[in-house]
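Structure, as structure tokens:
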Amino acid sequence: WWWLPKYCRAHQQCKAKKKEMQGLDENQVRSFLNAARGNRFESLFKLAITTGLRQGELLGLKWGDLDWSTYQLNIQRQVQRVPGRGLVFSDPKTSAGRRMILLGPDTILSMKEHFKRQLIEKEFMGEKWQDNDLIFPSSIGSPLDQSNLNRHYKQLLRDANLPNIRFHDLRHTAASLMLK
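Start counting the sequence shown at 3; every next residue gets the next number (our numbering).
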């Protein structure tokens, strides 16, 4: 904000305000996951809440990143929108972003169900399917646009009668649940 006039730098009202982190409590998480049951993104939301992964990291996950036998999920990339190029794969946001996460049995079960549903989607789409090996692709197999995911997410919050929190706040929810 060095480019702002000295007058603005000296006054609080000119400074950008950071949004306060919010999250869901245990009962709200249950309500949210109940609302997501059967939804195409049910497994994605469960993974977000149980691991605290960023939205771009979730959308960059490939089936090859998941070791079914050891329950390990390797975070190696993210999907982000780049002006003029569209959705692209890039390195994780931070240097510590490349990491391995252990998943619990419930999350693995959810991923198995998601895999089965995706096979049906893939078969239904036939030649239209773009095989990128993505765990959470669009309905045709291409990288999923975050705005489409956010639309589903916000609708589920409304359906469950929950506060209108940002997707990123699920990271705070995950951290709070892990601390308990």
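Note that CB positions come from ideal geometry on N, CA and C, so glycine has one too.
As assigned by DSSP and simplified to three states, the class of residue 71: Looking at residue 71 - three-state DSSP - the assignment turns out to be coil, as it is neither helix nor strand.
Candidates 138, 50 and 42: which alpha carbon is nearest residue 62's? 138
Do the segment 87-104 and the segment 37-44 touch if we need at least three Cβ pairs shorter than 8 Å? no
Is the segment 72-85 touching the segment 52-59, taking contact as three or more C-beta pairs under 8 Å? yes
Measuring straight from C-alpha to C-alpha, what distance separates residue 162 and residue 154? 12 Å
Residue 91 - DSSP class collapsed to helix/strand/coil: Residue 91: strand per DSSP, three-state reduction.
Rounding to the nearest angstrom, what Cα-Cα distance links residue 86 and residue 152 in this structure? 22 Å
Beta-carbon contacts of residue 169 that lie in its chain and below 7 Å, excluding the five residues immediately before and after: Closer than 7 Å at the Cβ level, and outside the excluded window around residue 169, lie 57, 152 and 155.
Give the range of the beta strand (DSSP E) segment to which residue 101 is assigned. 101-104
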